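At position 75 of the sequence shown (counting the first as 1) the number is 74 in numbering that gives the first Met the number 0, and the numbers step up by one without a gap.
For every residue, glycine included, the Cβ atom is placed at its ideal position computed from N, Cα and C.
These numbers were taken from a predicted model, which means no experiment stands behind them.
Since the structure comes first, as structure tokens, the remarks are kept for the end.
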Amino acid sequence: MITVTEWDVTPGLHEWITEEIKLREQTARSADKEIGRAWETRWDARTDSFEVVTESGLVVAGGLSPGVAGHIAGNDSAAMLRRCAADRKILAAHPYTTQVINPGYGPHSAVSAGFGCETCHDWDGVPEGRGNCPTILALAEAYGRDDEDNADVEVIRG
């Protein structure tokens, strides 16, 4: 799916990130239910390689180099669920507003100027990232958003 929005904030970006978080949570919960939450690495002398195992000893992956095994173990279900919870908090801390607030007019005094992140708003109506603050753009990038040289158009590939 490709969503292209010109000249305006993409309120859909919050929804898109929320959906990506939901998908990762579902995958992590499924893995947790199927094989366990916490994973660790151990040396397998038989194969002269590392493996990733659950707390109950179930092998998640085997025949690995130390770096790959460490990477997999570091991204177990528990870690993924913590990351998803943190990303939801980041989204909640950067809500959209359809009015850009001029701090000089005091709190909640709106100027009819357009759009932006309520937390990182720019009162002149020209926020970075087409209204998406750098925090939301970075979060979207972490979930696979690609805006390759599209200064005026936001492209979301999913």
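Sub-7 Å separation of residue i and residue j beta-carbons
i    : j    : result
R36  : S76  : yes
I89  : L138 : yes
G62  : T40  : no
L22  : N131 : no
E117 : T96  : yes
C119 : I20  : no
M79  : A141 : no
Own chain, CB closer than 6 Å to residue i, minus 5 neighbours either side, in chain order
i    : result
S108 : Confidence at S108 is low in this model, with a pLDDT of 41, below 50, so its placement is unreliable and the value that follows should be read with caution. So the list is empty, once near-sequence residues are dropped.
E18  : none
A68  : T40, F49 and V51
Contact belief for residue i with residue j at Cβ below 8 Å, rounded distance in angstroms
i   : j   : result
W38 : V58 : Rounded, the Cβ-Cβ distance is 10 Å, inconsistent with contact.
Beta-carbon contacts of residue i that lie in its chain and below 7 Å, excluding the five residues immediately before and after
i   : result
A60 : E50, V51 and I71
G73 : none
A92 : T118
W42 : F49
Own chain, CB closer than 8 Å to residue i, minus 5 neighbours either side, in chain order
i   : result
E24 : M79, L80 and C83
* **alpha helix (DSSP H) runs wholly inside the segment 10-42, at least 4 long, in chain order** => Here the runs fully enclosed are 10-34.
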